[in-house]
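Engineer: I have a structure here, written as structure tokens, and I will follow up with some questions on it.
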Amino acid sequence: MAQSLPQLDNSDYTIGWIAALPHERSAAQSMLDEKHAPPLKHPNDENIYTLGSIYCSGGKHNVVIASLPPGRSGPTPAATTATHMLSSFPEIKFGLIVGIGGGIPSDDNDIRLGDVVVSQPDGQFGGVRQYDRGKATFHGFEECGALNSPPRALLNAVGALQSKHEMEGSVIPDILEIMCTNYPLMAKPRVGPGYVYQGAANDRLFNASYKHTSSRKECSECDNAEEKRRPERPDQDPYIFYGTIASGNAVIKDAHIRDLFPDCLCFETEAAGLMNDFPCLVIRGISDYCDSHKNDRWQRYAAATAAAYAKELLSITDVTDVRSTPDARRISSQLQEINSTTQKIASTLQQTQLSKERQDIYQWLSPLNISARHSENQKTRVDGTGLWLLEHVEFGNWLSQTVKFQTLCCYGDPGAGKTILSSLVIDHLEHLARESKSGLSYIYCDYKDPEQQSTENIVGAIIKQLLIQIPQIPDSVVSRCRDRMNAGKPLSLGDASELFSIICAQFSRVYICLDALDELQESNLRRILKWIQDGPSVHIFLTSRPHIQDVVLEYLESQHTVIVRANESDIRRFIEHEIGGPNDIAPRAMDERLKGDIFAKILGSAKGIFLLPSLQVRTVLQAVTKRSREESLESLPSSLGEAFAGTITRILQQPNSMSELARKIIPWVHFAERPLTVDELASSLAIHDDDNSFNSRGMPDPDILLHCCYGLVVVDQETSTIRLVHYSLAEYLSKQEEIFGSNQQQWHDRIATVCLRFLNFSTASHTEVVPLKYAATQWGHHLRRSDQRPGIAFEMAKRYLDIDCQNHINYSAGLKLLCDFMYKTRFRREQTPGTRYPLVHIAAFFGLDKIILQSSWTRSDLNSKDVAGRTPIAWAAESGFQDTTMALIKKGATALDWVDDFDLSPLILAAIGGHRAVGQTLIGKGAKPRFDSSLQRTTSIWAAEKNGNNDMLGMLAERSAASGSIESLGTLMRDTVQRGNKNMAEMLIEKGAAINSVDGSGRSALITAVYRGNEAMVEMLIEKGAALDVVDDAGRTPLVWAIRTGKDSIVKMLVEKGATVNSANMVGKTALMEAVENGSDNITRILTERHDLAIDAADTWRKTALMLAAETGKDTIARILAEKGATLDLVNSIGQTALMVAADNGKNSVVEALIEKGAAINFMNDFGETALTYAELMGYSSVIETLKANGAKIVEA
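End of the sequence shown sits at 1197 in the UniProt record's numbering; the numbers just go up one at a time, nothing left out.
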């Protein structure tokens, strides 16, 4: 007689568990440690409940499980379910919303299928944001509400569980194993995939732009090249992510929409219905990536991992804490608000048919077709770029404030991407305007069309756009426009002002976007700004080059300012979009190395400007071979060079005073060691050859600095520094043999002379003069780059570094600044007042070898330590100054092995910097490599390997082996294998590196080489004696790794060399099963050639390789296995033979193959089932036909 279930009072239940879908409910029910009898319900409660308990350390939690009605999903059914639950169970304290969700993978969150996402409050929100209410934008959304934070007891438990996982890991795998033991059908249900891990091969994330094209749900026909490469995980256990979950009505199936929510971890559709009134924690197992490749394969397993997390969480949640939590409040009537909001949004999308008169009014107001330009910019804009502006605090402040003429000014240099950003802002505001009864007008100013873009046409276009957004034009507007049109009068500013005031009153707020204001003629600019100033309150967004901001400020005082610079992530997205896009004329002329070179070159040269990268990448993509593309990377588009040359010609044609000034400014800006401030440059230009003191009256006006250079130099408004307009100009100048009549060394000599001249001024007013810091910290670099040629600068430098010449104010002040530059910022050390300055160290720091050779410094000076514990030779070694290193040794430096206060020797410093020549010089002169630095990977040997210095590494490795540091060499050797440097790895092995040492994941060098697919490396390691059967922490051998990566040649090599073929991982999966799962016919043949292969080996569920082939429809592999002796009629843990498995999964080709090879067609298992039983149950007509044609019949048990 069945044991009766305990009946508890409804008030004994404290936790509500909502599982929307049937398989989510099944997973939830399997987590119960006890089951209870059905409850007594409220008369209006239509829910069906499962009741039970989950054990915890302090007792047990009584849990109520409810699901949504079949076929229903979303916030409204969820809210109804929760409302009914609370009506029947008044003591429920909080809810757990547990089930599946769609993942939002990103660089920061490498979310995989089966992982678990848990909602976690972030200070502002309760962990869930509603994505289809409020203000949806390109960068995400501004919420109208958020799910209340769970009660403290539950949050404390979440925090405790996070901490536990950091130390011990999760018990989710154990919970899932118990689930499958208790409920075997969950591991292998009759229909569809089970509640078990579905295999890494079935977890595929594709590029957002790549759509699923096959009629089949699975992605077997999808292009592998479009799949994103993600690092291999060490095991199949789910990872757990905590953060914000996006909730709403819609199921997301578009990767582009998904990627608009980078701050969220997943999407789901129930939590939005429980906002504000039901404290909940949302737990989601990831079943898909919210893209067009979405299918159901992972849903059951994802439901199971989420349920297992919920059980683990409750197991550490204190019963007393839950009991003391206040009762959950009932859900409010906000569902009606959700529905009304949705209807409101939909209704605003309808457009009214324009009448003939209305069209005439539009044409009279302005002929400008603004939408065409906007459409063009939308097409140019790459999805996902510019979001930083929408997220900028100043943008948010501008949107939220109501001060009259609230203005957001976005200033940026030419080519910074301002116009594209404007298009993004316009789209964003357009969305807000529809929701909030706001109006929006925008203008793209264009210097090419001054006649069309008159003041009247522009203000008329602003009015026209607002009128289009009004369902019915006010009668006063119609009559005024009709009167003017009938009289043949054009729009005047007076008319425009009156119309504008009437129309603005129709909106709650009006936005005006003005792009590229600097391209307007100044007279038009001022008239437009004055017209806005005299009108009603509006929110203005404008972009421009910085030089007009004073004019703007005259008319629009309440300003927020954002400096526009091309964002590196935006440029990267743009390049990714271009590669393989319409402008890529030879998409196949591309590989990962070339792509990496393109990114490195273009990103490195952008410097805040978007125009040049766009020109560069498109120039590269016009080449048709990889080689020609590599060559094109070496030079920028020719039009830029021609433009620079033409500009320089025009500069030289200016009046002498302006030309002479520009001929100094451009080289100074180009050759400066760091960006100069405007004042630093102006002060430096004021110093003449015969000056003995600084005269500020010689400083040119800052505006003149820009004007005379014809745009080749620009000022960064944020830092007040002056720079060349673009890095491309710097490259252009660097290629010239001479710049304005002098070569590079001569210009550096001139700049060094100016710096030293200033430092030698005896004036006491140095604190008021700005170039002191630059002169003090950079003079030596200019002198070194001048080749230290004999002359004024060289002689001045020798005197400056003469210890007997420290006799005036600027001298000591300059040295103090230099010492602060060398020590204070970097080492947090300061030169002690009253002590001698480290002049030898300064000379070594700058690399002034000729001055060192001509100096009178003693051996004691040459081997002295400074405030950081460094010797002069350490400074020279760090910077790679070979000549300076030799000069110091020649003059008597012997402290080659002394370490500084940070345990770094000259040799380590040289190795860190990759300065091979200096390292070899030091070793050749007797320096001893160290292998016991407290910072292991900054020892000289590690640094040499990292920088690929084989010669230096060889010398260091020999010394390492001689000193007994074999373990260090083994780790180094594995790193070298990872980087693919076969010669260096072989050398390290020969020098004594332990070939079979393993890393923290149990992986040897051989496993690493196999995983990387480096056949030559694998062969070398085997020849050197690498263990073939080493097992990593995930239970994988080199052979398994080779199979997983699909490298037939490496598999064959390992098998022929004697690798064990029958080892199995923790769930019994063998190498042969791995080959079958990966669908490799050839690898299967290679493995079956081994006479010792256990072809019938079974995993934990008694599944053989043949059964796996049958399940996955691999008929060729099934034939190979049968021909090689696989037993055809073994049964798995649920009584199925391979033929039954094939029939159950509808794999007719495998059914035919197994019948052909002699499978027992009418075999009946202990449940009375045959292959035909399964085929008929599932309705697979082709399988039924094949079975019956070959004699299958219903066999009576």
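Backbone N, C-alpha and C fix where the C-beta goes; we use that ideal spot for every residue, glycine too.
Treat the numbers as computed from the prediction; the structure is a model and nothing was measured.
#1: If you follow the beta strand (DSSP E) that Ile-563 is part of, which residue opens it and which one closes it?
#2: Taking Cβ positions, are Pro-70 and His-36 nearer each other than 7 Å?
#3: Going by beta carbon distance, what residues of the same chain come within less than 7 Å of residue 1198, once the five residues before and after it are set aside?
#4: By a C-beta neighbour count over all protein chains shown, 10 Å radius and 16 as the cutoff for buried, is Arg-859 buried or exposed?
#5: State the Cα-Cα distance for the pair Cys-144 and Ser-537, rounded to the nearest angstrom.
#6: Please list, in chain order, all residues of the same chain as His-23 whose beta carbon is under 7 Å from its beta carbon, the five residues on each side excluded.
#7: Could you give the DSSP three-state label for Val-1193: helix, strand or coil?
#8: Taking one C-beta from the segment 432–446 and one from the segment 496–512 each time, how about it: are there three or more such pairs within less than 8 Å?
#9: Take the Cβ of Phe-1167 as the centre, count every other Cβ of all protein chains shown within 10 Å, and call the residue buried at 16 or more, exposed below.
#10: Considering only C-alpha positions, which residue in the set Asp-901, Lys-607 and Leu-853 is nearest to Ala-893?
#11: Could you tell me the boundaries of the beta strand (DSSP E) in which Ala-66 lies?
#12: Among all the DSSP beta bridges, which residues are the ones paired with Val-510?
#13: Classify Asn-743: buried if its beta carbon has 16 or more other beta carbons within 10 angstroms, exposed otherwise.
#14: Within a Cβ cutoff of 7 Å, which residues of the same chain sit near Gly-1025, ignoring the five residues on either side of it in sequence?
#15: Kindly list the residues whose CB is nearer than 7 Å to the CB of Gly-926, restricted to its own chain and excluding five residues on each side of it in sequence; keep chain order.
#16: Tell me, which residues are paired with Ile-602 by DSSP?
#17: With DSSP run on the structure shown, which of helix, strand or coil describes His-392?
#18: Here's a check: name, in chain order, each residue in its chain whose Cβ is nearer than 6 Å to the Cβ of Pro-262, leaving out the five neighbours to either side.
#19: Could you check which residue in Leu-729, Glu-634, Met-1178 and Asp-327 has the C-alpha nearest to that of Gly-95?
#20: State the CB to CB distance for the pair Ile-598 and Val-620, rounded to an integer number of angstroms; the pair is presumed to be in contact (CB under 8 Å).
#21: Name the residue from Ile-722, Glu-878, Asp-689 and Thr-213 whose alpha carbon lies nearest to the alpha carbon of Ile-704.
#22: Once DSSP output is grouped into helix, strand and coil, what is the label at Gly-194?
#23: Candidates Leu-387, Asn-224 and Arg-1085: which alpha carbon is nearest Ile-426's?
#24: Quick check on this structure: which residue in Asn-863, Val-899 and Ile-602 has the alpha carbon closest to the alpha carbon of Lys-891?
#25: In the structure shown, what three-state DSSP assignment does Ile-252 receive?
#26: How is Gln-452 classed by DSSP in three states: helix, strand or coil?
#27: Touching or not, the segment 395–414 and the segment 537–546, by the rule of three or more beta carbon pairs under 8 Å?
#28: Does the contact criterion of 3 or more C-beta pairs under 8 Å hold for the segment 1099–1119 versus the segment 1064–1073?
#29: Where does Leu-155 sit, in a helix, a strand or coil, going by DSSP?
#30: Assuming the contact rule is C-beta atoms closer than 8 Å, Leu-368 and Gln-452 should be a hit. Round their C-beta distance to whole Å, please.
#31: Is it buried or exposed for Val-899, if we count other Cβ within 10 angstroms and need 16 for buried?
#32: Would you call the segment 728–747 and the segment 785–793 touching, i.e. three or more CB-CB distances under 8 Å?
#33: Would you say the segment 414–424 touches the segment 555–575, given that touching needs at least three Cβ pairs under 8 Å?
#34: Just how far apart, CA to CA, sit Ile-97 and Asn-10?
#35: Quick check on DSSP: helix, strand or coil for Arg-1036?
#36: Assign Ser-423 to one of two classes, buried (16 or more other C-beta atoms within 10 Å of its C-beta) or exposed (fewer than that).
Structural biologist: Reading it off the structure:
#1: 559–563
#2: no
#3: There is simply no residue 1198 to check, as the chain begins at 1 and stops at 1197 in what is shown.
#4: exposed
#5: Caution is warranted here: a pLDDT of 42 is assigned to Cys-144, below 50, making its placement in the model unreliable, and the coordinate value is therefore given only provisionally. The alpha-carbon atoms of Cys-144 and Ser-537 are separated by roughly 26 Å.
#6: Gln-299, Arg-300 and Ala-303
#7: It should be noted that the sequence gives Lys, not Val, for residue 1193. Three-state result, Lys-1193: coil.
#8: yes
#9: exposed
#10: Leu-853
#11: 59–66
#12: Gly-439
#13: exposed
#14: Ile-995
#15: Leu-896
#16: Bridge partners of Ile-602: none, in fact.
#17: coil
#18: Ser-106
#19: Asp-327
#20: 6 Å
#21: Ile-722
#22: coil
#23: Leu-387
#24: Asn-863
#25: coil
#26: coil
#27: yes
#28: yes
#29: helix
#30: 7 Å
#31: buried
#32: yes
#33: yes
#34: 20 Å
#35: coil
#36: buried
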